[in-house]
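In the numbering used here, the protein residues as written are 232 to 356. Just so you know, even glycine gets a beta-carbon here, dropped at the ideal spot from N, CA and C. Values in this document were obtained by computation on a predicted structure and should not be read as measured data.
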């Protein structure tokens with residue numbers, strides 16, 4: 232079962248945290264609403280963050296608190312997050328949004344150092 236919205240982003244962890252979420256993304260609302268987690272994967276193609284995180288490396292997981300509409304796109308908000316360092320977490324799809332599960336990414340959420348996002352509205356996971 233899908234439990235993760237995986238996004239390929241050029242934004243840094245600091246930018247995502249300051250925005251309180253990730254987006255805007257074209258999402259399948261039914262699939263997205265069933266996922267308790269979002270995982271951000273580094274995209275170094277084009278302009279963006281140069282934090283030293285490798286291309287296609289998963290660098291953050293967030294517990295989704297809500298998904299907000301933004302025109303024809305959506306912003307994935309989260310109340311808690313943990314940092315990751317999982318290389319080759321993106322298979323090369325041209326679509327920057329994918330749906331997967333924690334097992335495929337080899338993530339055990341019970342072992343992560345979860346942090347509250349300042350000013351967050353809480354989390355559902």
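Distance, residue j Cα to residue i Cα
i, j, result
"residue 322", "residue 328", "11 Å"
"residue 233", "residue 270", "12 Å"
"residue 324", "residue 239", "9 Å"
"residue 259", "residue 283", "31 Å"
"residue 316", "residue 290", "5 Å"
"residue 332", "residue 235", "5 Å"
Residue environment, residue i, which counts as buried when at least 16 other CB atoms sit within 10 Å
i, result
"residue 253", "buried"
"residue 237", "buried"
"residue 288", "buried"
"residue 337", "exposed"
Whole-Å CB distance - residue i paired with residue j, under 8 Å assumed
i, j, result
"residue 295", "residue 330", "Going by Cβ atoms, the distance from residue 295 to residue 330 rounds to 13 Å, so no, they are not a contact pair."
"residue 265", "residue 305", "Actually they do not touch by this definition, with Cβ atoms about 14 Å apart."
"residue 311", "residue 273", "The Cβ separation is near 21 Å, so there is no contact."
"residue 343", "residue 292", "7 Å"
Assigned secondary structure, residue i (DSSP; H/G/I helix, E/B strand, else coil)
i, result
"residue 325", "coil"
"residue 245", "helix"
"residue 287", "coil"
"residue 237", "strand"
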